[in-house]
Amino acid sequence: MSTKGNVTVAIKSERIAKFANYIMKEGKKTLAMKILSNTFEAIKQKGHENPEEVFEKAFENVMPRIEVRPKRVGGSIYQVPQEVKPKRQFALAVRWILESARSKSGGEFSNFLAQELIEASQETGNAVKKKLETYKMAEANKAFARFANNR
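Quick note on our numbering: the sequence shown kicks off at 47 and runs consecutively.
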């Protein structure tokens, strides 16, 4: 539990702690925790009982299982679909959620982040669209799956 000033956020999962680190800019963790606290409050105000549950559901819906990676074969570069490792799944999901929240303007970031998490938990929103785009690319290039390195 982190307390400094009037900021109080219970770090109940490793994902929430990692997410706070991704929000953080220039080492200002207190500010990142305040943003996270305000985000959870905004989720509660929008009628959701448990913000941590919304958070977890959002990440389950945004984390990609497959992505395409460029692979050079015989002078040509193919987009080869490959499975994504769990750490990278989380990193991509965080990146996409924060990117879509930061792209909005005209209000408080914590409200945009709360809205994006709620939308992602309901399988809508820009972050989920990004995941679906990735899946479409993988589907379109599945003929090149034979070039994948099976490590």
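Glycine is no exception: its CB is placed at the ideal position from the N, C-alpha and C atoms.
Just so it is clear, the structure is predicted and the values come from calculations on it, not from any experiment.
Open item on the list: Using CA atoms only, rank isn't needed, just tell me which of Lys182, Glu154, Glu185 and Ser146 is closest to Ala166.
Closed with: Ser146
Open item on the list: Quick check: what's the CA-CA separation for Met109 versus Thr170?
Closed with: 13 Å
Task: Buried/exposed call for Pro127, threshold 16 Cβ in 10 Å - done: Taking all protein chains shown into account, Pro127 has 16 or more neighbouring C-beta atoms within 10 Å of its C-beta and is therefore buried.
TODO: Quick one: which unbroken beta strand (DSSP E) runs of 3-plus residues sit fully inside the segment 58-141? Chain order, please.
DONE: 112-119 and 122-129
Task: Rounded Cβ spacing between Val114 and Met70 (contact assumed at less than 8 Å) - done: About 30 Å separates the two Cβ atoms, so there is no contact after all.
Open item on the list: Can you look up Ala160 in the DSSP assignment and give me helix, strand or coil?
Closed with: It is helical.
Task: With 16 other Cβ atoms within 10 Å as the buried cut-off, status of Leu178 - done: exposed
TODO: May I have the straight-line CA-CA distance separating Glu95 from Gly73, to the nearest angstrom?
DONE: 31 Å
Task: Three-state secondary structure assigned by DSSP to Lys150 - done: coil
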